[in-house]
Structures are given as structure tokens and as C-alpha cells.
Amino acid sequence: MTAQALVAGVSLVGGLAVSNQAIVLLSAMIAGAGTDYAVFLISRYHEYVRLGEHPERAVQRAMMSVGKVIAASAATVGITFLGMRFAKLGVFSTVGPALAIGIAVSFLAAVTLLPAILVLASPRGWVAPRGERMATFWRRAGTRIVRRPKAYLGASLIGLVALASCASLAHFNYDDRKQLPPSDPSSVGYAAMEHHFSVNQTIPEYLIIHSAHDLRTPRGLADLEQLAQRVSQIPGVAMVRGVTRPNGETLEQARATYQAGQVGNRLGGASRMIDERTGDLNRLASGANLLADNLGDVRGQVSRAVAGVRSLVDALAYIQNQFGGNKTFNEIDNAARLVSNIHALGDALQVNFDGIANSFDWLDSVVAALDTSPVCDSNPMCGNARVQFHKLQTARDNGTLDKVVGLARQLQSTRSPQTVSAVVNDLGRSLNSVVRSLKSLGLDNPDAARARLISMQNGANDLASAGRQVADGVQMLVDQTKNMGIGLNQASAFLMAMGNDASQPSMAGFNVPPQVLKSEEFKKVAQAFISPDGHTVRYFIQTDLNPFSTAAMDQVNTIIDTAKGAQPNTSLADASISMSGYPVMLRDIRDYYERDMRLIVAVTVVVVILILMALLRAIVAPLYLVGSVVISYMSAIGLGVVVFQVFLGQELHWSVPGLAFVVLVAVGADYNMLLASRLRDESALGVRSSVIRTVRCTGGVITAAGLIFAASMSGLLFSSIGTVVQGGFIIGVGILIDTFVVRTITVPAMATLLGRASWWPGHPWQRCAPEEGQMSARMSARTKTVFQAVADGSKR
């Protein structure tokens with residue numbers, strides 16, 4: 001109660017962390033260590049009382065004799081437990097200080113409260129010694145050991161080494177779920193879930209990549225996929241899921257070969273379309289050539305039409321020069337000459353305009369071609385010619401040309417017998433009508449008409465030349481399109497072969513186009529695997545291994561090493577890579593546990609050796625005493641492996657060996673110090689005699705203390721937590737092995753073989769304390785007889 005109150009107070013005031021294991025072990029340690037200290041003191045008190053000492057004097061001498069052993073033992077255990085405060089794991093750092101407080105309380109109670117109780121209870125006979133019923137047994141045991149030390153030492157070591165070798169078969173369990181009873185609700189829930197799903201699906205682990213720059217780029221995603229691809233190839237890795245592989249495999253659409261295959265399909269379609277349109281291309285080329293030929297014919301017809309129109313313009317210009325201006329037909333004096341000239345003009349016009357009328361059949365097709373020709377739109381001269389052709393078409397359609405032809409016939413029909421007045425009147429009316437029609441064509445001005453005719457002729461020439469160029473260009477385009485179709489077919493075949501033959505992830509490549517990164521679908525997927533700033537990416541890793549197994553922990557290091565191996569020469573070169581998840585946590589626990597165990601073993605061994613050296617003032621004895629504690633601990637672990645792992649099918653919990661080491665080494669140190677200090681005190685009697693007397697005096701004490709401590713540990717066997725059960729069993733059997741084998745057989749046999757060399761470099765047999773001399777003088781005759789028999793037997 002006092003120790004628990006102190007632990008609680010220190011926890012509240014000093015912030016000391018206390019675990020549930022600390023509370024359980026605290027009670028067991030106080031019961032065990034406190035009982036040991038009490039047994040040590042009371043047994044020595046009884047020795048002095050049997051020698052005739054007054055009870056108060058016996059208490060005083062017992063405190064002087066065994067008090068240093070109790071102090072050394074408490075210091076050893078307390079310092080060892082305090083050293084656990086520097087451990088990284090909470091299971092050690094929280095247990096150590098609490099147990100150190102418990103040891104301090106037990107020590108103070110043993111050196112203050114217990115002596116006072118002995119002094120008060122001794123007059124009433126409550127603590128009076130009883131008969132030494134086991135003294136004869138332990139004296140005989142000591143006698144047998146000193147007679148045959150090698151045999152006993154060899155036999156004990158064979159058994160201890162055999163058990164210790166079983167410790168190498170240990171497989172440690174990191175699954176805390178197995179520490180609970182199967183009927184526990186959480187255990188039932190896990191069992192139901194594992195019945196329907198594999199355990200590696202319910203307990204995932206994540207690979208974390210953190211970079212200083214945004215990884216949401218085509219190159220960044222490609223490098224991430226390469227990293228994930230390498231991790232997925234590790235033996236035991238079942239699936240790697242992330243932004244580049246949401247379904248556990250590389251996105252087919254993001255593979256470069258798939259994209260090449262899609263391009264090949266499109267190119268193949270274009271090639272097939274070109275093949276299917278070959279007839280259309282040929283017709284296009286033929287049409288372009290036909291158009292160019294027709295335009296050449298049009299140029300000839302336009303030339304002939306322009307020549308006829310030019311004759312008309314010249315004739316009209318002649319009439320205007322001869323009869324226009326201020327002259328009138330009434331003022332013409334020479335009517336005969338006029339009639340003759342008119343008749344000649346009519347013949348000329350009839351010939352010319354008969355040719356013109358027959359030459360305008362092509363006009364509609366030419367105008368239609370010019371209206372749809374982009375070449376004519378870009379050529380000003382062709383545009384002007386097109387305007388003139390439109391006017392000719394209008395003149396033909398509205399009858400203007402027919403009127404000119406009629407005028408020619410009228411002039412031709414003029415004969416001399418006709419009166420000048422009739423001819424002039426008819427001719428005047430016809431001329432007026434023709435002049436009005438020619439004005440609409442722009443031929444009223446002969447000079448302007450000639451310029452327009454020249455422009456029309458040039459436009460027709462340009463149009464014919466451009467038509468031929470277009471035809472040549474269309475033919476070239478058709479030829480090149482056919483050649484391009486052949487090339488597209490070859491490119492399509494190559495890309496489709498790439499898409500089909502290089503579909504494996506190692507050959508496929510990876511590419512996410514920039515436009516995809518802006519799509520809503522990508523953003524939805526990225527929310528599950530990429531941080532909002534794009535600097536951190538996680539991949540879900542599912543393995544074929546039990547996530548609580550050591551193989552899964554080893555796999556964590558393999559995954560990290562593989563991922564780091566994919567970093568050089570990529571955009572991830574400066575990224576940090578880590579993992580999270582249950583296997584990662586257990587890996588860290590195992591690493592810290594191994595580190596803490598090295599620390600605890602080093603601190604414990606050093607502290608025990610130093611305190612034993614200070615107590616015994618020797619070097620050799622502390623070494624084999626500590627060695628005996630270590631082999632006792634290893635034997636206990638080996639026996640635990642045999643019981644739990646071999647017979648019960650349960651792996652030892654990872655925390656059990658560490659806690660067992662601390663307790664067994666600490667408790668073993670108690671017994672070592674009691675045994676070694678008594679051997680040293682009795683060394684004046686000789687090696688063999690000191691061993692026999694030490695075994696006789698301490699055998700019952702150590703056995704009683706060990707049984708009491710083991711009994712206190714046996715209470716842990718009824719715990720519902722598997723870790724506590726395993727720890728209680730191993731510590732309990734370790735105490736029994738240490739009590740009945742190591743302290744009873746192995747250490748006495750070793751001390752017998754080494755003799756006085758155990759106390760090197762000291763010589764304790766040369767210095768005997770006065771009280772020890774008095775005790776030797778008061779030995780019973782029976783004891784002397786035994787010593788003499790042993791001496792005689794050794795001489796023989």
C-alpha cells in the first residue's frame with residue numbers, strides 16, 4: 001500500500017508514467033523482495049539466538065552481518081530498475097521507476113520496521129527459532145558437492161545448457177490481440193472479420209512520400225508509378241494501390257503503349273479512310289484537270305468574243321465620229337454616200353455579231369466557275385473580268401445583244417432605192433435603242449470599252465493559268481495524300497504492335513497528360529492519395545504476410561529500401577520516404593526493444609558486478625556469480641519456450657524476456673550476495689568446510705525465499721492477460737531453477753573447484769572478525785566431526 005501510494009504521488013507530482021504492467025509487477029516485486037529481505041534477516045537472527053545471543057543482541061548482530069547484503073541487494077535491484085528509465089519503450093521506462101520505488105520501500109521496511117518488530121516480539125517468544133529440521137539435509141548436500149564438485153558442476157551445467165539452448169527456438173509474438181481471452185468482445189469481432197476478410201486487408205500499411213515540390217505533374221506521377229511498380233515486385237507484397245494505380249495495377253489508360261495503340265487505331269482509321277476515298281481523290285484530280293482544260297477553252301472563246309466586241313466598239317466609234325456631235329441626220333448632204341456606208345456597216349456588223357451570238361454559249365459555265373473560284377477572289381484582274389462577264393450575261397439575257405444584231409441586219413438591209421428620210425428615221429430609232437443598251441454595258445465610251453475589254457482578256461488569261469496551277473496542285477495533293485495513307489498505315493501497324501506486344505508494366509511506360517490532371521475524375525482520385533498541397537503522396541500496401549509477424553516487420557525495411565532505390569535521377573530524389581501502419585509500429589517496437597535490452601543487460605550486469613566486487617572485495621567470484629545468473633535466466637526462457645511454444649502452441653510475448661531478465665537477475669543477485677558473502681565470511685575454515693557450512697546455513701534460507709517469491713509469481717498465472725501469465729511462469733520457474741539448481745549445486749561446486757582463487761586478489765581467510773571467531777569456537781562437536789570426516793575423506 002505504501003509503495004503504491006508513493007508511486008501514485010510521484011506520478012502526480014513528477015509526471016511519472018505508470019503502466020498497468022507496472023502495477024501488477026509492483027505488488028509481486030514487493031512481496032518477493034520484501035519477503036527475501038525478511039527471510040535473510042530472520043534466519044541470521046535465529047542463528048545468533050541458537051548460539052546463545054540475547055535477542056536484542058542477536059538482532060543487532062544480524063543487522064551488522066546481513067544488513068550489508070540486504071543493502072547491496074536493494075541497491076543492485078533499485079539501480080537496475082532506475083536504469084530502465086532511459087529505455088525508449090514505455091513497457092520498460094514506466095515499469096522500472098515504479099519497481100525501484102517498491103524496492104526502496106521494501107529495503108526501508110527490512111532495515112527499520114522489521115528489526116523493531118523482532119526486538120518487540122522476541123521477549124514474548126513470537127520469533128523464537130525452532131528446531132533445524134532441514135539442517136542435516138543441507139549439510140549432507142554440501143558434503144556431497146565438495147566431495148564430487150566436478151560431477152555436480154557438470155551435471156547441473158548440462159541441464160542448464162540444455163534448457164538454455166531451447167531459448168534459441170523462441171518465436172516472439174507481437175500481436176497483442178492474442179493476449180486477450182477468445183471470448184472477449186474485441187477478440188470475437190476480430191475473429192468474425194478475419195473469417196470474411198484476410199487480416200492484411202483489415203490492418204493496412206502505407207508508404208508515405210513527401211517532397212518539397214508539387215508531385216501532381218506528368219513527370220512526378222510517372223516517377224511515383226515507377227517507385228510503386230518496384231515495390232509491387234517485392235516478394236510477399238500482394239498489392240500496391242495509389243493515385244497512379246487505384247485498383248492495384250498500373251492504369252491501362254496511363255500506359256504510354258496504350259496511348260500509342262490508341263493513336264495507332266486513329267491513324268489506322270485515317271489510313272483506311274484515305275484508301276476508301278481513293279476514287280474520290282482521283283475524281284478530284286480529274287475534275288481539277290478538266291476545269292483547267294475548260295478554263296483554257298474559255299480563254300480562247302473570250303479572246304474571240306473580245307475581238308468581235310472590239311469590232312463593234314470600233315464601228316460605233318466610227319459612227320460617232322462621222323455622224324455624232326452636233327451633226328444630225330437632217331444635215332447630211334450626201335444621202336447616197338450615207339446609205340452606201342450604212343449598208344457596208346450592216347454587212348460588217350452582221351458578220352461580227354453572228355459570231356458573237358454563237359460565242360456566248362459558254363458564258364454561264366464560266367461565270368459559275370469564276371463565282372466559286374478562290375483564286376479569282378484573290379486576283380483583282382480576274383475579279384474585274386468576272387464583273388464584265390456578269391454584264392455580258394445580263395446583256396445577253398435582257399436582249400441587248402439581240403438589239404445590236406437587229407441593228408446590223410437593218411443597216412445591211414438598207415438599199416439605195418429607199419428614201420433617205422425613211423432610212424434615217426428607222427436608223428435613228430434603232431441607234432437610240434442600241435445606244436441605251438450599250439450604255440448599260442459600259443460601251444457608250446469607246447476608249448473605256450477598249451480598256452475593259454483588255455481587262456477582260458487579261459482576267460481570262462489569269463484564270464486559265466491559275467486553273468492549270470490549281471489542277472497541278474490538286475494532282476500533287478492527291479499523290480501526297482495517297483503516300484501519306486501508306487505511311488499512316490505503317491505507323492498504325494507499328495504503334496498497334498507496340499500497344500499489344502509491350503503491354504507489360506515493365507515495358508509500357510507511364511504518362512498522364514497535363515489536361516487529365518485538371519479533370520474532375522483525377523481530382524476525386526487524388527483526394528484519397530495526395531495531400532491538398534500536392535507535396536505528400538501515400539500508397540496503400542497489402543501484403544501476403546501476417547502483419548503481426550516478424551516477417552512482415554522485416555518486409556517493412558525491404559519496402560523502404562526498395563522505394564529509396566527508385567529515387568535517384570528522378571523528381572523524387574529529394575523526397576523523404578517513410579511508412580506507417582501496424583507492421584511498421586511493431587518493427588519500431590522490435591528495434592527499440594532490442595536497443596533497450598542491450599541497455600538493460602549492460603546496466604544490470606555492470607551494476608551487479610560492481611556491487612558484488614564492492615561487497616566481496618574480489619574479482620573472480622563476482623564474474624562466475626553473474627554468469628550463473630545469466631544461465632539461470634536463459635534456462636528459464638528455454639523452459640518457457642518448451643511449455644508455451646511447444647506444448648501450448650503459444651509464442652512468447654515480446655516483452656516477457658526483457659521483464660524476466662530484470663527480475664531474475666535482480667533476485668538472483670540477492671541470493672548470490674547472501675551465498676557469496678557467507679562463503680567469504682566462512683573462508684577462514686577452509687574451502688571445503690566453508691562450502692559445507694554455507695550450504696547448511698543458507699540452503700534453507702534461499703530455498704524458503706525462492707519458494708515464497710515463486711509463490712508470489714504464481715499468482716500471476718491466474719491473470720486473464722496472456723503476457724502476465726507468461727511472465728509470471730517464466731519468472732517463477734526461473735526463481736526455482738536459481739534456488740534449487742544454481743545456488744544449491746552450481747555455485748557451491750564452482751566455489752569448491754576454484755577454492756581461494758575465487759577471492760582474488762583479496763585474502764579474506766587471513767582476517768576473521770571477532771564474532772565470527774567466536775561462532776567457530778562454539779560449533780557443535782557434531783559439526784566438527786563432519787568437517788573432520790570430510791577432511792579425512794579428501795586425504796584418502
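Using the UniProt record's numbering, read the sequence shown as starting at 1 and increasing by one per residue.
For each residue, glycine too, the CB sits at the ideal point set by N, CA and C.
Note that the coordinates shown come from a computational prediction; the quantities given were computed from them, not determined experimentally.
For residue 651, the number of other beta carbons within 10 angstroms of its own is at least 16, and it is reported as buried.
Residue 127 has its alpha-carbon roughly 10 angstroms from the corresponding atom of residue 120.
For residue 703, the enclosing alpha helix (DSSP H) covers residues 687-714.
In chain order, 145, 146, 149, 687, 688, 691 place their CB closer than 7 angstroms to the CB of residue 752, counting only its own chain and leaving out the 5 sequence neighbours on each side. Taking 8 angstroms as the cut-off, the beta carbon of residue 153 is found closer than this to the beta carbon of residue 750. Taking 4 residues as the minimum length, the alpha helix (DSSP H) runs contained wholly in the stretch 77-105 are 90-93, in order along the chain. 85 is the residue among 85, 74, 668 whose C-alpha sits nearest the C-alpha of residue 22.
By the Cβ neighbour-count rule, residue 191 is exposed, with fewer than 16 other Cβ atoms within 10 Å of its own. Between residue 114 and residue 38, the CB-CB gap stays under 8 angstroms.
In this structure, residue 726 places its C-beta atom within 8 angstroms of the C-beta atom of residue 640. At least 8 angstroms separates the beta-carbon of residue 676 from that of residue 629. Look at the beta carbons and you see the stretch 595-612 not touching the stretch 722-738: under three pairs across the two are nearer than 8 angstroms. Under a 10 Å Cβ-count criterion, residue 761 is classified as exposed, with fewer than 16 other Cβ atoms of the shown protein chains found around its own Cβ. Between the beta-carbon of residue 118 and that of residue 26 there is about 26 angstroms, and that puts the pair past the 8 angstroms contact cut. Counted as a single uninterrupted DSSP element, the stretch harbouring residue 650 is not any alpha helix (DSSP H), since DSSP gives it neither H nor E.
Excluding residues up to 5 positions away in sequence, 228, 231, 232, 539, 541 lie with their Cβ nearer than 6 angstroms to the Cβ of residue 240 in the same chain. The bridge partners DSSP lists for residue 206 are 540, 580. Counted as a single uninterrupted DSSP element, the beta strand (DSSP E) harbouring residue 237 occupies residues 237-241. DSSP places residue 398 outside both helix and strand once states are collapsed to three, so it counts as coil. In this structure, the beta-carbon distance from residue 653 to residue 40 does not fall below 8 angstroms. In the structure shown, the three-state DSSP call for residue 245 is strand. Around the beta carbon of residue 709, a 10 Å sphere encloses 16 or more other beta carbons of the protein chains shown; the residue is thus reported as buried. Cβ-Cβ separation between residue 221 and residue 593: approximately 39 angstroms, too far for a contact (criterion under 8 angstroms). Inclusion of residue 94 and residue 604 in the CB contact set at 8 angstroms is not warranted, their separation being larger than that value. Cβ-Cβ separation between residue 532 and residue 556: approximately 27 angstroms, too far for a contact (criterion under 8 angstroms). Between residue 552 and residue 211, the C-beta gap is not smaller than 8 angstroms, which leaves the two residues out of contact. With contacts defined as CB atoms closer than 8 angstroms, residue 16 and residue 10 qualify as a contacting pair.
Selection 47, 537, 679 evaluated against residue 208 yields 537 as nearest (Cα-Cα). The continuous alpha helix (DSSP H) containing residue 561 extends over residues 550-565. By the neighbour-count definition (other C-beta atoms within 10 Å, threshold 16), residue 125 is an exposed residue. Within the same chain, Cβ atoms closer than 7 angstroms to the Cβ of residue 7 are found at 18, 26, 98, 101, the five residues on either side in sequence being excluded.
Distance from the Cα of residue 112 is smallest, within the candidate group 67, 715, 83, for 67. Of all alpha-carbon atoms in 702, 544, 683, 226, the one lying nearest the alpha-carbon of residue 205 is that of 544. The beta carbons of residue 712 and residue 620 sit about 33 angstroms from each other, so the pair does not count as a contact at 8 angstroms. In the three-state reduction of the DSSP assignment, residue 197 falls in the coil class, being assigned neither a helical nor a strand state.
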